[in-house]
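K.L.:
What follows is a single structure, and I will ask about it in a moment.
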Amino acid sequence: MFDLDLWREIFQSINKNKTRAALSGFTVAFAIMLFTILFGIANGLENTFEKFFLTTADNALTIRSGTTSKPYKGLQIGRLITYANKDLDYLKKEFGDKIQYITPKLSRTYQLKYKKRKGEYTITGVSPDHQYLEKAVIIKGRFINERDVKNKDKVIAIGRLVEKDLFVKESALGKYIDLEGVVYKVVGVFSDNGGDEQERTIYTGYTTIQRLYLATDEIGSITIGYNPNMSADQALVLVQEITAKLKSRYDVAPNDQRAVRIGNRILQEKKRLDNMTTGLGILIPIIGFGTLIAGILGISNIMIFIVKERTKEIGIRKALGASPRSIVSIILLESILITAFAGYVGLLIGVGVLEAIGSSIERYWITNPSVKPSIVYTATIVLVIAGAIAGFLPAKKASKIKPIVALRNG
Numbered sequence: 001m002f003d004l005d006l007w008r009e010i011f012q013s014i015n016k017n018k019t020r021a022a023l024s025g026f027t028v029a030f031a032i033m034l035f036t037i038l039f040g041i042a043n044g045l046e047n048t049f050e051k052f053f054l055t056t057a058d059n060a061l062t063i064r065s066g067t068t069s070k071p072y073k074g075l076q077i078g079r080l081i082t083y084a085n086k087d088l089d090y091l092k093k094e095f096g097d098k099i100q101y102i103t104p105k106l107s108r109t110y111q112l113k114y115k116k117r118k119g120e121y122t123i124t125g126v127s128p129d130h131q132y133l134e135k136a137v138i139i140k141g142r143f144i145n146e147r148d149v150k151n152k153d154k155v156i157a158i159g160r161l162v163e164k165d166l167f168v169k170e171s172a173l174g175k176y177i178d179l180e181g182v183v184y185k186v187v188g189v190f191s192d193n194g195g196d197e198q199e200r201t202i203y204t205g206y207t208t209i210q211r212l213y214l215a216t217d218e219i220g221s222i223t224i225g226y227n228p229n230m231s232a233d234q235a236l237v238l239v240q241e242i243t244a245k246l247k248s249r250y251d252v253a254p255n256d257q258r259a260v261r262i263g264n265r266i267l268q269e270k271k272r273l274d275n276m277t278t279g280l281g282i283l284i285p286i287i288g289f290g291t292l293i294a295g296i297l298g299i300s301n302i303m304i305f306i307v308k309e310r311t312k313e314i315g316i317r318k319a320l321g322a323s324p325r326s327i328v329s330i331i332l333l334e335s336i337l338i339t340a341f342a343g344y345v346g347l348l349i350g351v352g353v354l355e356a357i358g359s360s361i362e363r364y365w366i367t368n369p370s371v372k373p374s375i376v377y378t379a380t381i382v383l384v385i386a387g388a389i390a391g392f393l394p395a396k397k398a399s400k401i402k403p404i405v406a407l408r409n410g
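Quick note on numbering: the sequence shown equals residues 1 to 410 in full-length UniProt numbering.
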């Protein structure tokens with residue numbers, strides 16, 4: 001049951017001892033504020049890493065054609081190494097579950113026309129896996145599927161801005177586009193976080209490009225998505241293995257760096273950022289919990305001092321007939337009230353600081369620094385519990401002192 005008199009006494013005690021209450025509150029508020037800011041900055045760094053890999057899958061590697069720079073097995077330098085459809089099957093067979101996705105990529109720029117509107121756009125031949133590697137999000141219809149590739153169908157998935165340019169307010173789904181005399185059916189519209197260029201791209205099956213424009217099964221480049229369960233180091237080893245296999249397959253000297261090229265810049269960046277994330281994942285909790293422990297020690301010391309300071313008051317209360325339980329309750333509830341209120345104030349200040357500095361610290365690789373309220377609430381609860389325990393032990397001891405002794409010591 002709510003005891004109005006008890007709470008009146010607590011607020012009177014706080015009002016009479018403003019300096020003591022302010023000191024206790026400051027310790028808690030500062031600890032929670034610092035805790036909030038540290039975790040907010042850590043989340044900002046993680047947001048930056050996610051943004052870095054937003055436009056393309058972070059497990060993507062691109063295998064590009066090249067020219068030999070060294071003679072090998074009687075073959076001259078300057079040979080152009082180009083890949084074909086059979087290389088897709090070869091890589092799937094050789095590396096099995098190490099490869100999650102694989103797609104060729106054949107790009108050409110053509111003029112597209114719908115009714116009286118026209119424009120030049122890049123049309124790219126891919127496999128269905130490309131949707132996941134490019135992180136294309138289907139808005140309407142579907143992406144290119146296996147049947148389209150097998151049948152070499154004249155169907156396309158177009159970017160959101162292509163629909164906006166050529167169809168204006170019409171829906172492009174199911175409509176037909178003239179691509180320099182060849183008519184394609186629009187089966188899907190997609191969006192892409194890669195920007196306007198990506199959203200002005202058109203995808204069709206790679207076999208369709210080969211049949212209509214190349215009359216060959218050659219492919220420009222191959223993009224693979226390695227198994228996401230692999231670490232960055234394991235993925236780098238995979239790059240070396242693929243490179244060695246393709247060099248052997250096309251009679252390229254092992255030390256020839258130009259003939260078989262695998263773009264792994266993102267992978268190298270990912271490894272570096274993974275190391276940074278791991279380091280931060282260890283460092284930030286240590287600093288955060290260190291701050292929390294400092295706050296716990298601070299509030300504990302203050303509570304011990306407060307109880308000692310209130311020895312005379314405790315003696316008077318006992319002389320007037322107060323029970324040990326009521327004495328302990330007053331001290332504990334006062335401690336919990338101050339700690340909870342100060343913790344909330346610290347949270348507000350910490351969040352306010354993060355919002356104030358949010359845009360100004362993006363140059364330091366910190367994007368949208370923020371913290372989940374649940375984490376800070378948990379930290380505040382820990383401080384409340386710590387303050388309660390710190391106050392309970394000396395309060396319990398003081399409540400057992402005889403009134404005459406308490407008055408003399410006070």
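Glycine included, C-beta positions come from ideal geometry on N, C-alpha and C.
Assess contact between the stretch 23-41 and the stretch 78-86, defined as three or more Cβ pairs (one per stretch) separated by less than 8 Å. Is contact present?
P.N.:
Taking 8 Å as the limit for Cβ pairs, the verdict is that the stretch 78-86 does not touch the stretch 23-41.
K.L.:
Based on DSSP bridge pairs, tell me the residues matched to S221.
P.N.:
DSSP lists R64 and K105 as partners of S221.
K.L.:
Terminal residues of the continuous alpha helix (DSSP H) containing S248?
P.N.:
Start and end: A232 to R249.
K.L.:
Counting along the chain, where does the beta strand (DSSP E) carrying K152 start and finish?
P.N.:
Run containing K152: none; DSSP gives neither H nor E here.
K.L.:
Which term fits V137, buried or exposed, when burial requires 16 or more other beta carbons within 10 angstroms of its beta carbon?
P.N.:
V137 comes out exposed.
K.L.:
So, with DSSP's three-state summary, where would you put K375?
P.N.:
Before going further, note that residue 375 is Ile rather than Lys in the sequence given. Three-state DSSP puts I375 in a helix.
K.L.:
State the CB to CB distance for the pair V189 and I139, rounded to an integer number of angstroms; the pair is presumed to be in contact (CB under 8 Å).
P.N.:
Yes, V189 and I139 are in contact; Cβ-Cβ is about 5 Å, under 8 Å.
K.L.:
Can you tell me which residues form a DSSP beta bridge with R117?
P.N.:
Paired residue(s): Y114.
K.L.:
Measuring CB atoms only, is the stretch 109-116 touching the stretch 80-97, in the sense that at least three cross pairs come out at less than 8 Å?
P.N.:
As far as the Cβ criterion goes, the stretch 109-116 does not touch the stretch 80-97, which means the pair count is below three.
K.L.:
Tell me the DSSP bridge mates of V126?
P.N.:
Note: V126 sits in a beta bridge opposite G205.
K.L.:
Can you tell me whether DSSP reads F289 as helix, strand or coil?
P.N.:
Helix, per DSSP.
K.L.:
For a test of your reading of the model: does the CB of L212 fall under 7 Å from any non-hydrogen atom of the ligand ZN? Yes or no.
P.N.:
The model depicted lacks the ligand ZN and carries no ligand whatsoever.
K.L.:
When we look at the beta-carbon of N59 and count the other beta-carbons within 10 Å, is it buried (16 or more) or exposed?
P.N.:
With 16 or more Cβ atoms within 10 Å of its Cβ, N59 is classed as buried.
K.L.:
Check whether the Cβ atoms of A29 and G290 lie closer than 8 Å to each other.
P.N.:
Not a contact, by the Cβ cut-off of 8 Å.
K.L.:
For G188, does the three-state DSSP call read helix, strand or coil?
P.N.:
In this structure, G188 counts as strand in the three-state DSSP scheme.
K.L.:
Hey, how far is the Cα of G263 from the Cα of P285?
P.N.:
Rounded to whole angstroms, G263 to P285 spans 35 Å at the Cα level.
K.L.:
Under 8 Å: do the stretch 98-108 and the stretch 211-228 share three or more Cβ pairs, one atom per stretch?
P.N.:
The stretch 98-108 vs the stretch 211-228: in contact.
K.L.:
In angstroms, rounded to a whole number, what distance separates the CA positions of V237 and S65?
P.N.:
Each residue's Cα considered, the two are about 20 Å apart.
K.L.:
Run through DSSP, which three-state label would D178 get?
P.N.:
In the structure shown, D178 sits in a strand (DSSP, three-state: E or B).
K.L.:
Look at G40 and V371 and say whether their C-beta atoms are less than 8 Å apart.
P.N.:
The answer is yes: Cβ separation under 8 Å.
K.L.:
With DSSP run on the structure shown, which of helix, strand or coil describes F39?
P.N.:
The answer is helix: DSSP assigns F39 an H, G or I state.
K.L.:
Restricting to Cα atoms, I'd like to know which of T378, R258, L393 and F305 is closest to T67.
P.N.:
T67 has its Cα closest to that of R258, out of T378, R258, L393 and F305.
K.L.:
Please determine, among F11, E146 and G74, the residue with the shortest C-alpha to C-alpha distance to T103.
P.N.:
Answer by Cα proximity: E146.
K.L.:
Work out the CA separation of L61 and S24 for me, nearest whole Å.
P.N.:
Their Cα atoms are separated by approximately 56 Å.
K.L.:
If distances are taken between C-alpha atoms only, which option among I209, N151 and S191 comes closest to L179?
P.N.:
Closest by alpha carbon: I209.
K.L.:
Whose C-alpha, out of A21, I10 and A42, is nearest the C-alpha of I375?
P.N.:
Checking every option, the nearest Cα to that of I375 belongs to A42.
K.L.:
Between the beta-carbon of A386 and the beta-carbon of I296, is there less than 8 Å?
P.N.:
Contact flag set, yes.
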